[in-house]
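Asks: Input: one structure, supplied below.
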Amino acid sequence: MTTLPSPDLVAPILGWYDEHARDLPWRRPSASAWSVLVSEFMLQQTPVSRVLPVHEAWLARWPTPAALAAESSGEAVRAWGRLGYPRRALRLHAAAVAIETDHGGVVPDSYDALRALPGVGDYTAAAVAAFAYRQRRVVLDTNVRRVLGRAVSAVEFPARSVTKAERTVAEALLPDDPPTAATWSVAVMELGALVCTADRPRCDACPVVHRCAWHAAGRPAYDGPPRPVQTYAGTDRQCRGRLLAVLRDAPGSVPKPRLDAVWDDDAQRERCLASLLADGLVVAAGAGRYALP
DNA sequence: GAGTCGTGGAA
DNA sequence: TTTCCAAGACT
Numbered sequence: 001m002t003t004l005p006s007p008d009l010v011a012p013i014l015g016w017y018d019e020h021a022r023d024l025p026w027r028r029p030s031a032s033a034w035s036v037l038v039s040e041f042m043l044q045q046t047p048v049s050r051v052l053p054v055h056e057a058w059l060a061r062w063p064t065p066a067a068l069a070a071e072s073s074g075e076a077v078r079a080w081g082r083l084g085y086p087r088r089a090l091r092l093h094a095a096a097v098a099i100e101t102d103h104g105g106v107v108p109d110s111y112d113a114l115r116a117l118p119g120v121g122d123y124t125a126a127a128v129a130a131f132a133y134r135q136r137r138v139v140l141d142t143n144v145r146r147v148l149g150r151a152v153s154a155v156e157f158p159a160r161s162v163t164k165a166e167r168t169v170a171e172a173l174l175p176d177d178p179p180t181a182a183t184w185s186v187a188v189m190e191l192g193a194l195v196c197t198a199d200r201p202r203c204d205a206c207p208v209v210h211r212c213a214w215h216a217a218g219r220p221a222y223d224g225p226p227r228p229v230q231t232y233a234g235t236d237r238q239c240r241g242r243l244l245a246v247l248r249d250a251p252g253s254v255p256k257p258r259l260d261a262v263w264d265d266d267a268q269r270e271r272c273l274a275s276l277l278a279d280g281l282v283v284a285a286g287a288g289r290y291a292l293p
């Protein structure tokens, strides 16, 4: 059963956004669709503050998809720096190639064409259609899901994956006018990022606190299935990160002993190197040397 | 559908 | 210091 959302949420949040929105490069009227697409890739699981400098350097070096497509994927991985999840760099490069090959170098404006690009899932396709092309799309990221979950359904945190009920609520709230819908989508996200945060939400600064079901219910604590805790120290992810950092920071190829030096567990290190090779993040350069692709 | 995939700042 | 997690995508 879906709780009917209150349309009275829309106007106050639009008003709040008009006053409190951050001035981010990819939000400026002069920002290209490519700038928006790059930002969405980088922002997947990565905070805005860390994305800003890398996004600026990326757009300065590769102002168009064609510019990036002309480079090796290894240069994309190198420029990605320490943003994390470097497969995103590989996918962004592949997306640039696809845009150049299949779309005449123009970032496509249709959800379906965007969704078909490497590394572009439902969220990113909807976000680019809305934010770069001002279309009316349901944009469901973790911020929007948290805001709507609280305001409409009185739950502190959303479920692990998007439910049909969430889509129904989001669609019902989405304004009919496409440009207004696009602004609404970014406004809800911004509210989630700045006010309706995961921990210590600033309800006193919320424009819809008096219409929030969660607040009205006394801000009940999360009561769902336990959310998996992500460990890092000693994991393959940390090992892969160490190995890739060596290659990122080297101008060319690197002899294997340089990789061996950064991780003690032989079996784990070999497994991680193999997985990096399988992912295409690392290539064998011959004579026992390795390099970025 | 649950697991996996990086990183570093904040509490 | 340790813990938590930030505009997801893919398998």
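In this text, residue positions in the first sequence follow UniProt numbering: the first is 1, and each later residue adds one. Think of the CB as a built atom: it goes at the ideal place given N, C-alpha and C, for glycine as much as any other residue.
Contact between the stretch 53-65 and the stretch 92-105 is defined here as three or more beta-carbon pairs at a separation below 8 Å; is this criterion met?
Replies: Segments in contact, yes.
Asks: Take residue 154 as the anchor and find which of 214, 242 and 141 has the nearest alpha-carbon.
Replies: Of the listed residues, the one whose Cα sits closest to residue 154 is 214.
Asks: If I follow the unbroken alpha helix (DSSP H) through residue 97, where does it start and stop?
Replies: Unbroken alpha helix (DSSP H) run through residue 97: 87-102.
Asks: DSSP three-state call for residue 254: helix, strand or coil?
Replies: Strand at residue 254.
Asks: State buried or exposed for residue 19, treating a residue as buried only when at least 16 other CB atoms are found within 10 Å of its CB.
Replies: Flag for residue 19 reads exposed.
Asks: Taking the DSSP output, what are the residues bridged to residue 289?
Replies: Per DSSP, 255 and 286.
Asks: Between which two residues does the alpha helix (DSSP H) harbouring residue 47 extend?
Replies: That residue, residue 47, is in no alpha helix (DSSP H); it is neither H nor E in DSSP.
Asks: Just the Cα atoms here: how many angstroms apart are residue 306 and residue 212?
Replies: There is no way to answer for residue 306, as the model of the chain reaches only from 1 to 293.
Asks: If I follow the unbroken alpha helix (DSSP H) through residue 30, where does it start and stop?
Replies: Segment: none, residue 30 is in no alpha helix (DSSP H) and carries neither H nor E.
Asks: If you reduce the DSSP assignment to three classes, tell me which class residue 136 lands in.
Replies: If DSSP states are grouped into helix, strand and coil, residue 136 belongs with coil.
Asks: Let me know if residue 74 comes out buried or exposed under the rule of 16 or more other beta-carbons within 10 Å of its beta-carbon.
Replies: Per the 10 Å Cβ criterion, buried.
Asks: Determine, using beta carbons only, whether residue 272 and residue 247 come nearer to each other than 8 Å.
Replies: For residue 272 and residue 247, no; Cβs fall outside 8 Å.
Asks: Which word fits residue 1, buried or exposed, when buried means at least 16 other C-beta atoms lie within 10 angstroms of its C-beta?
Replies: With a pLDDT of only 47 at residue 1, under 50, the local geometry of the prediction cannot be trusted, and the value read off the model is given with reservation. So residue 1 ends up on the exposed side.
Asks: Identify which residue in 165, 152, 250 and 70 has its Cα closest to the Cα of residue 210.
Replies: Answer by Cα proximity: 152.
Asks: So what does DSSP say about residue 156, is it helix, strand or coil?
Replies: Correct three-state label for residue 156: coil.
Asks: Considering only the alpha carbon of each residue, which of 82, 239 and 47 lies closest to residue 303?
Replies: The structure shown has nothing for residue 303, since the chain only spans 1 to 293.
Asks: In the DSSP assignment, find the alpha helix (DSSP H) that holds residue 314 and state where it starts and stops.
Replies: Nothing about residue 314 can be reported from this structure: the residues present for the chain run from 1 to 293 only.
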